[in-house]
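**Student:** Let me give you the structure first, and then I'll get to my questions.
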Amino acid sequence: LLVDNVNKITIDSVLNFKYNIISMAFLKQFTLFLYSTKYLRFNTSTKCNKLFSCGAVPTSNVFMYFIISETIHPNIKTSKHQHITLISLNRPDDKNSLNVETLYDLRKAVTNFENDSSSTVAVLYGEGGSFCAGMDSNELSNAPQIFNEFLQSHCQKPIIAAVSGFAYNAGFDLCLWCDLRIVEENAVMAIDRKLKTSKSEMSFKRLLKSVGYSRTMDILLTGRDVHSKEAFECGLANRVVACGSSVGQAVLMAFNISKFPQKSINDDRNVIHKMVSE
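So this is what it looks like as C-alpha cells:
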C-alpha cells in the first residue's frame, strides 16, 4: 500500500480501493489499525468546538463498515465486533449530559452486555468530541438519585472508558465507574463545585483508591480541572493518547483483554471491587 502522506488518509481513501485488489478482511483490520494509531482522519457532521479541535472527532463511524450496530435509543448506541461491545453516549449537542431517559438506557445497555455470553469486554465513550459533561441541568431533581443507584454496583465484565473532551461531574463519576480509562490529550476531568450536588460515596471511594487521600481532597475541594497529563501521572488515567484515537486504542486494549481466560479475570476483578467498596 503506497501512501504519500499517511496523516492525510481518510475513510474515503481507504474504501475507494478496488475490492479485487484488497480483501474485505484486510480492509477491516487496516481501518482499525489506522484509527487506533491516530492516522485515520475523516469528516463527520459533528465538529469539535475550538477548544477541543484536534483534527478528529471520536465516533463509532469508523466501525460501521464491519460492525452490525444496534440502536437502543437515540441517546445511547451500541455496536459489537467479535467479543467487544461498544456503548456510546449519543447526545453530542448537549455534550452527552445525562438525563433520566439516558440513564435508564445506559443501564439497559450495560445489562445487555453483561448478559451477552459472547461479549467479554466493553468500551464506553461519548459521541461528538466530549465524553460526558455531567448531569442534564433540567433534570437535577430525579436523575442524580437514579445515577447514584447505578454507581453503587460495578459492571460484571471489564469496561474501558475512552475519554475525550469534557468529563465533568457525573461524567467524572462515569469514568471512575469504569475499570480502565484511555484519555485523549484534550480531555479535562473536574468536579464543578458551583453545583449544589453531592457526589456518590462510591465515587469518593474509587477516586481515593485511584489517586490517594491528598490528591482526592485537592480535586474535591478546589473543583479545579485535571488535564490528561496530570490524570496519567496520578493514576487516574491508564493511557494518554492522541486526539481522536481513544476509541480505537480502547478497542485494541479490549481485544487484548478478551484473549485471556475470562473467568479468572472476572474473579480477580470482583476481589478488587470488593476491596474498593469496603
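Under my numbering, think of the first position of the sequence shown as 27, with each following residue one higher. Glycine is no exception: its CB is placed at the ideal position from the N, C-alpha and C atoms.
#1: Note the first and the last residue of the continuous alpha helix (DSSP H) segment covering Ser-254.
#2: Quick one: which unbroken beta strand (DSSP E) runs of 3-plus residues sit fully inside the stretch 173 to 214? Chain order, please.
#3: Comparing alpha-carbon positions, which option in Asn-138, Ala-187, Ala-135 and Ser-114 lies nearest Gly-154?
#4: Under 8 Å, do Phe-139 and Ala-148 count as touching if we go by C-beta distance?
#5: Can you grab the Cα-Cα spacing for the pair Ser-145 / Ile-185, in whole Å?
#6: How is Ser-354 classed by DSSP in three states: helix, strand or coil?
#7: Out of Gln-182, Gln-288, Ile-208 and Thr-111, point me to the one whose CA is closest to Gly-270's CA.
#8: How would you write the range of the alpha helix (DSSP H) that Ile-245 sits in, first residue to last?
#9: Which value, in whole angstroms, describes the spacing of the CA atoms of Ala-187 and Lys-121?
#10: Exposed or buried, which one is Val-297 when buried takes at least 16 other CB atoms within 10 Å?
#11: Going by DSSP in three states, Ala-159 sits in which element: helix, strand or coil?
#12: Hey, how far is the Cα of Ile-245 from the Cα of Asn-264?
#13: State the DSSP-derived secondary structure class of Leu-166, mapped to helix, strand or coil.
#14: Could you tell me how far apart the beta carbons of Tyr-151 and Val-273 are, in whole angstroms, since I believe they sit closer than 8 Å?
**Tutor:** In short, the structure shows the following:
#1: Translated into the one-based positions of the sequence shown, residue 254 becomes position 228. If you look at Ser-254, you'll find it in the alpha helix (DSSP H) that goes 254 to 259.
#2: The DSSP assignment places 185 to 189, 192 to 194 and 206 to 210 as complete runs of the beta strand (DSSP E) inside the stretch 173 to 214, in order along the chain (cut-off: 3 residues).
#3: The residue you call residue 154 lines up with position 128 of the sequence shown. It is Ser-114.
#4: Position 113 of the sequence shown, counted from the start, is the residue given in the question as residue 139. Position 122 of the sequence shown, counted from the start, is the residue given in the question as residue 148. In terms of Cβ geometry, Phe-139 and Ala-148 form a close pair [threshold 8 Å].
#5: Along the sequence shown, one-based indexing puts residue 145 at 119. Along the sequence shown, one-based indexing puts residue 185 at 159. Within the model, the alpha-carbon separation for Ser-145 versus Ile-185 is close to 11 Å.
#6: Since the first residue of the chain shown is 27 and the last is 304, residue 354 is not available in this structure.
#7: Working through the sequence shown from its first residue, we reach residue 270 at position 244. Ranked by Cα distance from Gly-270, the options Gln-182, Gln-288, Ile-208 and Thr-111 are led by Ile-208.
#8: Here the question's residue 245 lines up with position 219 in the sequence shown. Going by DSSP, Ile-245 is part of the alpha helix (DSSP H) stretching over 239 to 248.
#9: Start at 1 with the first residue of the sequence shown, and residue 187 comes out as number 161. Start at 1 with the first residue of the sequence shown, and residue 121 comes out as number 95. Here the alpha carbon of Ala-187 sits roughly 16 Å from the alpha carbon of Lys-121.
#10: Here residue 297 corresponds to residue number 271 of the sequence shown, with the count starting at 1. Val-297 should be labelled exposed.
#11: Residue mapping note: residue 159 aligns to position 133 of the sequence shown, counting from 1. In the structure shown, Ala-159 adopts coil according to DSSP, grouped into three states.
#12: On the sequence shown, position 219 is the one that residue 245 refers to. On the sequence shown, position 238 is the one that residue 264 refers to. Ile-245 and Asn-264 have their C-alpha atoms roughly 18 Å apart.
#13: Taking the sequence shown and counting its residues from 1, the one referred to as residue 166 is at position 140. In this structure, DSSP gives Leu-166 a state outside helix and strand, which the three-state scheme calls coil.
#14: By 1-based counting over the sequence shown, the position of residue 151 is 125. By 1-based counting over the sequence shown, the position of residue 273 is 247. Yes, they are in contact, since the Cβ atoms of Tyr-151 and Val-273 sit about 5 Å apart, within 8 Å.
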